[in-house]
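Chemist:
2 protein chains.
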Amino acid sequence: MKIAFAGERGSFAELAAAQYFGPRQTFVSVPEFEDVFSAVSRGRANHGIIPIENSLTGSIHQNYDELLKCNLSITGEIFLRVSHFLIANHGVKPHNIKRVFSHPQGLAQCKNHLKKFPDAECVPVSNTAYAVKKIRDERLLDAAAVASFQAAIDYDMNVLDKNIEDNKANITRFLIVSKKPKTTFASSQPLKTSVVFSLKNLPGALFRGLSVFALRDIDLVKIESRPVHGKPFEYLFYLDFEGGSNQERQANALNHLKEITVFLRVLGSYERGRLVKPEYKKR
Amino acid sequence: MKIAFAGERGSFAELAAAQYFGPRQTFVSVPEFEDVFSAVSRGRANHGIIPIENSLTGSIHQNYDELLKCNLSITGEIFLRVSHFLIANHGVKPHNIKRVFSHPQGLAQCKNHLKKFPDAECVPVSNTAYAVKKIRDERLLDAAAVASFQAAIDYDMNVLDKNIEDNKANITRFLIVSKKPKTTFASSQPLKTSVVFSLKNLPGALFRGLSVFALRDIDLVKIESRPVHGKPFEYLFYLDFEGGSNQERQANALNHLKEITVFLRVLGSYERGRLVKPEYKKR
């Protein structure tokens, strides 16, 4: 199977995909999140994996917007414990470091630790593993990168410091996107469903929208709002709730929800994700 | 009065502040959003202005986080119609342009227009007006900036194209933050209140939270969720609702809300903001 992810080899998305699908698949690196969606849409990959939310920095809103634009379904999720490593070329010492490269979220998540290098400039790049590749390819001897240990292995680089994230409760939730919705599940597995909708212009509309779940004792897991383009300060709501869309209470709730929405789409039902640690390996 | 805003002179925040407070105040430029909050906290400015939400790109989540960290109150809001201009050094022609500098949101909001320059690289910088200052200071003759017309005036630069934003429904909502909450209002003016809270771990907790407003016919204007640091996948909710926190129904709703929240803070009550266009001027 081919699984598309955004970023370079050794990125957290690839580590999460290896845990979700097992390591013997083909993981296809594409440049941007939107390329993950188009790779799956056009059949160049069977599935894609995208980060949707981090426990410290919040939702990755761009991917909420992409979920709406594409015609893919969410078919799975996995939670990855994120550990950052300070990585440099061999021979580079901490006092040599004048620049630190990483994804803006990587830099933000290690902000306190990086105060050890008060003179170093933080330079944002598109992807954590790309930061490692960049300092290796350009043989930068005054620079370090913040990335996964896997990126250090893949690019044969030196680790100056490990687990440098300021807050250890650093978990990223990834979603699996596929062309076809998932409809069959092992009966024992708790399910989740994600939907997106916009509400009719009624008083208490959001309250009414949530009531269709509360009235049926269906727990909400997450709510996220995004702007409707061209309609200032109207919102799309993304909701995750417990259960599958084909289960009786959930199907009734969705029918009820249709009465008060202008637009409603089920993004997918899927098994509730496991929390995993990255597994690093020589390859 | 001194009003702090983040970014260079001619930024949209400064244009919004001039409309809110009138042009005869002292507008103090600080580097980052967090510096706006600290300038007000430490008394170096009487008020601060921060963008909180754009009608196309959504919330500025960093400022939601800053609102929680600081002890300031929201005392006002204003909605600014955002128009982008393509700005370059005098003598630079469209076919010279190999790089376009702007804030990432400025670049994103003009994405289609910038396809006219397929060979030009989009370079993100911290602030739209800073992009203009940069290409002027460095005398870049292969570059343009996307920014306000005011930035073109302030830095005496040439306008190559105007109103280049892809979607004209481009409005940014700014909040005014101050040391003391606002408690007296002209009686005719409709008010809004912003609160932030985290919920007890109860089934249907969010539904119950919203019900305290619905039961009293208080309209919700906006809901936003942000992660609680150190508690993966627990959320803080930011809610804007109609009315002032001292009005009877609203005060009752807030008392009711306390019963089901672990944490509740009123960020402020303020007059509902006007929608304005920027007023440009030679200075």
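Order-wise, the sequence lines are chains A and B.
In this text, residue positions in the first sequence follow the working numbering: the first is 1, and each later residue adds one.
In this text, residue positions in the second sequence follow the working numbering: the first is 284, and each later residue adds one.
C-beta: ideal position from N, C-alpha, C; glycine also.
From Asp-449 (chain B) to Gln-392 (chain B), what does the alpha carbon distance come to, in whole angstroms?
Modeler: When rounded, the distance between both Cα atoms is 6 angstroms.
Chemist: Could you name the residues of the same chain whose beta carbon sits closer than 6 angstroms to that of Glu-14 (chain A), not counting the 5 residues immediately before and after it, in chain order?
Modeler: Closer than 6 angstroms at the Cβ level, and outside the excluded window around Glu-14 (chain A), lie Phe-5, Phe-27.
Chemist: So, is Thr-467 (chain B) buried or exposed, given that buried needs 16 or more other C-beta atoms within 10 angstroms?
Modeler: Exposed is the call here.
Chemist: Mapping DSSP to helix, strand and coil, what is Ser-194 (chain A)?
Modeler: Strand.
Chemist: For Phe-516 (chain B), which three-state DSSP category applies?
Modeler: Phe-516 (chain B) falls in the coil class under three-state DSSP.
Chemist: Compare the C-beta of Thr-467 (chain B) against all C-beta atoms of chain A and say whether one is closer than 9 angstroms.
Modeler: Chain A contact via Cβ: absent.
Chemist: Buried or exposed: where does Arg-274 (chain A) fall if 16 or more other Cβ atoms within 10 Å of its Cβ makes it buried?
Modeler: Exposed.
Chemist: Within 10 angstroms of its Cβ, does Lys-567 (chain B) collect 16 or more other Cβ (buried), or is it exposed?
Modeler: Any property of residue 567 (chain B) remains undetermined from this structure, which presents chain B solely from 284 to 566.
Chemist: At 9 angstroms on the CB atoms, spell out the chain B contacts of Pro-203 (chain A), in chain order.
Modeler: The contacting residues are Ala-497, Asp-500, Asp-502.
Chemist: Taking Cβ positions, are Ser-178 (chain A) and Ser-73 (chain A) nearer each other than 9 angstroms?
Modeler: Yes; because the gap between Cβ atoms is below 9 angstroms, this pair is in contact.
Chemist: Relative to the C-alpha of Tyr-155 (chain A), which residue among A:His-90, A:Ser-126, A:Thr-172 is closest?
Modeler: For the residues A:His-90, A:Ser-126, A:Thr-172, the minimum Cα distance to Tyr-155 (chain A) belongs to A:His-90.
Chemist: Quick check on the DSSP output: the alpha helix (DSSP H) that includes Lys-133 (chain A) runs from which residue to which?
Modeler: Note, Lys-133 (chain A): alpha helix (DSSP H), 128 to 137.
Chemist: So which of B:Val-549, B:Ala-430, B:Ile-459 has the shortest CA-CA distance to Tyr-262 (chain B)?
Modeler: Because chain B is modelled from 284 through 566, residue 262 (chain B) falls outside the range shown and cannot be assessed.
Chemist: With DSSP as the reference, label Asn-535 (chain B) as helix, strand or coil.
Modeler: The answer is helix: DSSP assigns Asn-535 (chain B) an H, G or I state.
Chemist: Quick one: give me the first and last residue of the alpha helix (DSSP H) that Leu-298 (chain B) is part of.
Modeler: Here the alpha helix (DSSP H) through Leu-298 (chain B) covers 295 to 304.
Chemist: Would you list, in sequence order, the uninterrupted beta strand (DSSP E) runs of no fewer than 3 residues that lie entirely inside the segment 25 to 93 of chain A?
Modeler: Taking only runs of at least 3 residues, the beta strand (DSSP E) segments lying wholly in the segment 25 to 93 of chain A are 26 to 30, 47 to 54, 73 to 81, 85 to 88.
Chemist: Write down the C-beta distance between Tyr-20 (chain A) and Glu-224 (chain A) rounded to the nearest angstrom, noting that I regard them as a contact closer than 8 angstroms.
Modeler: The Cβ separation is near 22 angstroms, so there is no contact.
Chemist: How about Leu-191 (chain A): is its C-beta nearer than 9 angstroms to some C-beta of chain B?
Modeler: Not an interface residue.
Chemist: Considering only DSSP beta bridges, list what Asp-444 (chain B) is partnered with.
Modeler: Note: Asp-444 (chain B) sits in a beta bridge opposite B:Leu-369.
Chemist: With a CB to CB cut of under 6 angstroms and the five nearest residues on each side skipped, what residues in its chain are close to Ala-434 (chain B)?
Modeler: Gly-293, Ala-412, Val-415, listed in sequence order.
Chemist: Closer than 9 angstroms, CB to CB, is Pro-515 (chain B) near chain A or not?
Modeler: So yes, Pro-515 (chain B) belongs to the interface.
Chemist: Express the C-alpha separation of Pro-407 (chain B) and Glu-295 (chain A) in angstroms, rounding to a whole number.
Modeler: With chain A represented from 1 up to 283, any question about residue 295 (chain A) goes unanswered, as that position is not in the structure.
Chemist: Counting Cβ pairs, one atom from each stretch, are 3 or more of them under 8 angstroms apart for the segment 193 to 203 of chain A and the segment 85 to 100 of chain A?
Modeler: No, the segment 193 to 203 of chain A is not in contact with the segment 85 to 100 of chain A.
Chemist: List the endpoints of the continuous beta strand (DSSP E) containing Arg-382 (chain B).
Modeler: Here the beta strand (DSSP E) through Arg-382 (chain B) covers 382 to 385.
Chemist: From the DSSP secondary-structure annotation, give me the bridge partner or partners of Tyr-270 (chain A).
Modeler: The partner list for Tyr-270 (chain A) (beta bridge, DSSP) reads A:Lys-192.
Chemist: What are the residues of the segment 111 to 129 of chain A that lie near chain B, defined by any Cβ-Cβ distance shorter than 9 angstroms?
Modeler: Hits within the stretch, in order: Pro-124.
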